[in-house]
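The opening position of the sequence shown corresponds to residue 1 in full-length UniProt numbering, with each subsequent residue numbered one higher. We put the beta carbon where it would ideally sit given N, CA and C, even for glycine. Predicted, not measured: the structure shown is a model, and the values here were computed from it. Notes follow once the structure below has been shown.
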Amino acid sequence: MLKIALPNKGRLSEEVRELFNDAGLEVRVRGERALTASLGGEFEAIFVRAQDIPEFVADGAAHAGVTGWDLVNESGRELDLLMDLEFGKCRLVVAAREESGLTSVEGVKDGMRVASCFPRLTQEFFQRRGQQVTVVPVSGAAEIAPHLGIADIVVDLTSTGSTLKMNGLREVGTVLESSARLVACKRNNEEASIRLGELRQALGSVLAARGKRYLMANVPRKVLPQVREILPGLNGPTVVDIMNGGDFVAVHSVVPAKTIYRTINGLKALGCEGILVTRIERLMP
């Protein structure tokens, strides 16, 4: 049974478990502190720290894993990127104190001290730019470093920027954009690669369905051209005759959830009736 390394705690862990459950790979744990679990009887999950997952996968202790792209790059290990899971989005940014007068990365002077939990990425970023800085590795709370005189600037993760602002820091540049990724060991054999391809397809079908809705409506035949403009669907709406429907036909389509309000109003304005909207569990184009 293939082993998949998953984060053992935090928001990322919750979102990963939800995704696997939605894909029909229910996370079945024996107890709250269990280090392993069955994933729908198809795979075995091993729960480890998110920052350790690149090492576990690269060394072959797990065939694949889910962790942040920032942690994959910081590890420096070579892994196969299977897919972007589109959640856990954040940015690794350069930030300075508001009163420092620094407004861009170009203003970083040689010799400045940079505090970060990502020393490798930080060093590589400034080296590529030809800027000579001293990296100060920290294990957490990098944003406090400039206030304590430990460093002049920081390189830290942010999703909204609110924590940086709360601590009197201003973003001056972006090092890396990150999100949760499914990565695999480069030494996997052909059978493992095939099964991981199936896993990628299953997870991808759930992600494709998120943000989409399945809409059905009874539509007057005479307004079908206008309805096709409102309901483009994946390959155009499906039009089906209704038994004893008279001047009406049934139209089915997949539509974006974020525009469903306007879509329904547009259909009602054209005289459509019996509009039904439902969620989609999986979508495989």
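* Opening and closing residue of the alpha helix (DSSP H) in which Gly-197 lies -> 190-209
* Does the Cβ of His-63 have 16 or more other Cβ atoms within 10 Å, making it buried, or fewer, making it exposed? -> buried
* Sorted by chain position, which residues of the same chain lie with C-beta nearer than 8 Å to Leu-121's C-beta, five sequence neighbours on each side aside? -> Asp-70, Asn-73, Glu-74, Leu-92, Val-155, Val-175 and Leu-176
* Nearest-angstrom Cα distance between Leu-224 and Pro-285? -> 24 Å
* What is the DSSP secondary structure of Leu-71, counted as helix, strand or coil? -> helix
* Whole-angstrom Cβ separation of Ala-61 and Ile-153, contact assumed at under 8 Å? -> At roughly 36 Å, the Cβ-Cβ gap does not stay under 8 Å, so Ala-61 and Ile-153 are not in contact.
* Asked: What residues in its chain sit with their C-beta under 8 Å from that of Leu-164, if we drop five residues either side in the sequence?
  -> Val-93, Ala-95, Glu-143, Asp-156, Thr-158, Arg-170 and Glu-171
* Cβ-based burial, Leu-81 [other Cβ within 10 Å; buried from 16] -> exposed
* To do: Please state whether DSSP places His-63 in a helix, a strand or coil.
  => coil
* Asked: Can you check whether the CB of Ile-46 is closer than 8 Å to the CB of residue 324?
  -> Outside the shown range of the chain (1 to 285) lies residue 324, about which nothing can therefore be said.
* Asked: Helix or strand or just coil, what does DSSP make of Ala-95?
  -> strand
* So who's on the other strand from His-252, going by DSSP bridges? -> Met-216 and Thr-238
* Answer yes or no: do Lys-212 and Leu-267 have a C-beta to C-beta separation smaller than 8 Å? => no
* Asked: Span of the alpha helix (DSSP H) holding Gly-10?
  -> 10-22
* Asked: Got a sec? Which residues, its chain only, sit under 8 Å from Leu-102 by beta carbon, not counting five neighbours each side?
  -> Ala-96, Val-108, Ile-153, Arg-170 and Val-172
* Asked: Smallest Cα separation from residue 288: which of Asn-8, Met-1 and Glu-124?
  -> In the structure as shown, the chain starts at 1 and stops at 285, and residue 288 therefore has no counterpart that could be examined.
* Asked: So, are the CB atoms of Val-249 and Val-240 less than 8 Å apart?
  -> yes
* As assigned by DSSP and simplified to three states, the class of Met-83 -> strand
* First and last residue of the uninterrupted alpha helix (DSSP H) at Val-227 -> 224-230
* Asked: What do you reckon, are the CB atoms on Gly-88 and Leu-12 nearer than 8 Å?
  -> yes
* Note down, in chain order, each residue of its chain lying with its Cβ closer than 7 Å to the Cβ of Arg-195, except the 5 sequence neighbours on either side. => Leu-2
* Asked: Between which two residues does the alpha helix (DSSP H) containing Ile-46 stretch?
  -> Not the alpha helix (DSSP H): Ile-46 falls in the beta strand (DSSP E), residues 43-48.
* Go through its chain and collect everything with a Cβ distance to Arg-187's Cβ below 8 Å, but skip five positions before and after it. => Gly-60
* Asked: Apart from the five residues just before and just after Lys-258, which ones in its own chain have a Cβ nearer than 8 Å to its Cβ?
  -> Gly-211
* Is it the case that the Cβ atoms of Gly-10 and Glu-26 are separated by a distance below 8 Å? -> no
* To do: To the nearest angstrom, report how far apart His-147 and Ser-100 are at their CA atoms.
  => 11 Å
* **Beta-carbon gap between Cys-117 and Val-138 smaller than 8 Å** => yes
* Same chain, Cβ closer than 6 Å to Leu-231, neighbours up to 5 away in sequence not counted -> Pro-237 and Ser-253
* To do: Using DSSP bridges, identify the partner residues of Thr-259.
  => The partner list for Thr-259 (beta bridge, DSSP) is empty, contrary to what the question assumes.
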